[in-house]
Amino acid sequence: MTFRASGILVLACLCGHAAAQTTSSPVVQNGSWTLYRSGKAGNHHTVLRRGAPTIQFDGVQIRGTTGCNAFSSSAQLAGTASSVAKVNGALLSLGPVIVTRRACANAVEGNLEASFLKSLGKVKRYARYQNLLVLYTSDRESLIFRRN
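Heads up: the sequence shown runs through residues -20 to -1, 1 to 128, numbered per mature numbering (1 follows the signal peptide of the UniProt record, and there is no 0).
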């Protein structure tokens, strides 16, 4: 009887964990994205594809590259952001960002990395428009990614 109850408890925990992962990324749906543009509205800068930061959603985790280093964090998505009518997007909460510390090859890459990490730390909302993922920061910046 104890074995059967333990098995049911483990199964219930595993099912609950799987459900949490499935609902944690309702729109992003576990994909890889490359930064295309960043900045404030009306003052976006195009990011060169080679060496551009990337981000990948994997359940309740994100990971990627800054162009110089690897990073990871936890992510909690709320609501759906697939509708263009939702201009402000759905809520996105990131945990502390963990970054490796290799030197960038040059100052341009170093500046891009610093700017990207600063913006990533301020992300509050997201929206998806076809093959674009937009992360909005608390200070009205946006990070625009293209699906890989």
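C-beta atoms are modelled at their ideal positions from N, C-alpha and C, and glycine is treated no differently.
request  = Check each candidate in HIS25, GLY44 and CYS48 and name the one with the smallest Cα separation from ALA87.
outcome  = Taking only the C-alpha atoms, the option nearest ALA87 is CYS48.
task = Indicate whether the contact test is met: 3 or more Cβ pairs, each with one atom in the region 19 to 39 and one in the region 88 to 106, closer than 8 Å.
result = In short, these stretches touch, since the Cβ pair count reaches three.
task = Ignoring anything shorter than 4 residues or poking outside the region 51 to 127, list the alpha helix (DSSP H) runs there in chain order.
result = If we require 4 residues or more, the alpha helix (DSSP H) runs fully inside the region 51 to 127 come out as 87 to 100.
Own chain residues within Cβ distance below 6 Å of LEU74, not counting five before or after = Counting only Cβ-Cβ distances below 6 Å, and skipping sequence neighbours, we find SER53, ALA55 and VAL103.
query = Can ILE35 and GLY44 be called in contact, C-beta distance under 8 Å?
reply = In contact: ILE35 and GLY44 (Cβ atoms closer than 8 Å).
request  = Excluding the 5 residues preceding and the 5 following GLY101 in the sequence, name in chain order all residues of the same chain whose CB lies nearer than 7 Å to its CB.
outcome  = Cβ contact annotation for GLY101 (same chain, cutoff 7 Å, sequence separation greater than five): VAL77, in chain order.
query = Among GLU121, PHE51, GLU89 and ARG127, which residue has its Cα nearest to the Cα of GLN110?
reply = Residue ARG127 is the option with its Cα nearest to GLN110.
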